[in-house]
Amino acid sequence: MAGEVIYADIKVPAGASHSGPPRPAARRAKLQRCPHWHRPALWISGGLHIVVVIGFIGISVWAFREENETKPIKECANSSGSSSALCKVDWQLHSEKCYFFSENLKTWSQSHEECSSRNSHLAVIDDVKEMDFVTSNFKNSAWIGLFNTTPGRRWTWVNGSAYNGIKLPGSATKDGCGTVKLSSIGTDSCGTPYRYICQKDINRT
Numbered sequence: 001m002a003g004e005v006i007y008a009d010i011k012v013p014a015g016a017s018h019s020g021p022p023r024p025a026a027r028r029a030k031l032q033r034c035p036h037w038h039r040p041a042l043w044i045s046g047g048l049h050i051v052v053v054i055g056f057i058g059i060s061v062w063a064f065r066e067e068n069e070t071k072p073i074k075e076c077a078n079s080s081g082s083s084s085a086l087c088k089v090d091w092q093l094h095s096e097k098c099y100f101f102s103e104n105l106k107t108w109s110q111s112h113e114e115c116s117s118r119n120s121h122l123a124v125i126d127d128v129k130e131m132d133f134v135t136s137n138f139k140n141s142a143w144i145g146l147f148n149t150t151p152g153r154r155w156t157w158v159n160g161s162a163y164n165g166i167k168l169p170g171s172a173t174k175d176g177c178g179t180v181k182l183s184s185i186g187t188d189s190c191g192t193p194y195r196y197i198c199q200k201d202i203n204r205t
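Residue 113 in our numbering sits at position 113 of the sequence shown, with consecutive numbering throughout.
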C-alpha cells in the first residue's frame with residue numbers, strides 16, 4: 001500500500017483559542033480589570049498618612065513649647081515637689097520664701113529701695129538653714145534686712161522684729177547695717193556698696 005494517503009477529520013472545539021502569547025490588547029484588558037474602588041482607596045490611604053504625620057509634628061511642637069514655657073516655674077517648685085509654691089523668673093525658692101540675689105552693687109538704702117520696687121524686702125534670716133541657703137549663693141558680703149541707725153539701740157530687722165543672735169561688732173557705738181558672708185552675719189557702714197538679697201513670701205505677687 002505504498003503511497004496510500006489517509007485522510008482524517010480533525011474537529012476543533014468551539015471557542016478554543018489559538019496557541020501562542022496573548023496579544024497586547026488582551027494584556028491591557030487584564031491590567032485594567034482592577035476593582036473600581038482601588039484608586040480611591042489608595043488616595044484615602046495616602047491622605048490618612050499625611051494627616052497622621054502632620055498631627056505628630058503638631059503634638060511635638062506643642063510639647064516643646066509647653067516645656068519651655070513651664071521650665072522657669074518648674075525650677076522654682078519647692079523641694080517637696082509641690083507646684084503650688086512658685087517664684088518668678090530670676091528668683092529662687094527656699095522654705096516657702098522667694099529670694100532674689102542681685103548682681104549689681106548698691107548702698108544699704110538703695111538696696112532697700114530696689115527690694116521694695118520688687119514688692120519684697122531685704123532678707124530676714126530666721127535660722128541656720130536659711131543662713132546656709134543664703135550664703136551658698138554669695139562668696140562676698142551682701143546686704144540683708146538688718147540695721148541700727150541709733151547708737152545703743154538694738155539691732156532690728158526690716159520686718160520690725162529684734163535681732164536675737166550674737167552681739168554684733170560696733171552695735172552699741174555707731175550706726176550700721178547688716179551684711180551676710182560665709183555663714184555669718186556682720187555689720188558695715190550703710191553707705192558701702194554691696195550686692196543685696198531680696199526676700200518675699202510665696203503668697204505675695
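Every residue gets a Cβ at the ideal spot worked out from N, C-alpha and C, and that includes glycine.
{"query": "Local Cβ density within 10 Å of Ser120, reported as buried at 16 or more and exposed below that", "result": "buried"}
{"query": "Counted within 10 angstroms of its Cβ, other Cβ atoms place Trp108 as buried (16 or more) or exposed", "result": "buried"}
{"query": "Nonlocal neighbours in the same chain, by C-beta distance under 6 angstroms from Val158, ignoring five residues either side", "result": "His121, Leu122 and Gly145"}
{"query": "Nonlocal neighbours in the same chain, by C-beta distance under 6 angstroms from Cys115, ignoring five residues either side", "result": "His121, Leu122 and Cys198"}
{"query": "In DSSP terms, what Trp91 is bridged to", "result": "For Trp91, which the question treats as bridged, DSSP gives no partner whatsoever."}
{"query": "Whole-angstrom C-beta distance between Lys106 and Tyr196, which should lie under 8 angstroms", "result": "6 angstroms"}
{"query": "Beta-carbon separation (whole angstroms), Asn148 vs Gly176, contact threshold 8 angstroms", "result": "6 angstroms"}
{"query": "Among Asp126, Ala142 and Phe138, the one whose alpha carbon lies nearest that of Thr156", "result": "Asp126"}
{"query": "Residue range of the unbroken alpha helix (DSSP H) whose run includes Thr135", "result": "Val128 to Thr135"}
{"query": "Bridge-paired residues (DSSP) for Gln110", "result": "Per DSSP, none; premise fails for Gln110."}
{"query": "As assigned by DSSP and simplified to three states, the class of Thr100", "result": "Looking at the sequence provided, one finds Phe at residue 100 rather than Thr. Correct three-state label for Phe100: strand."}
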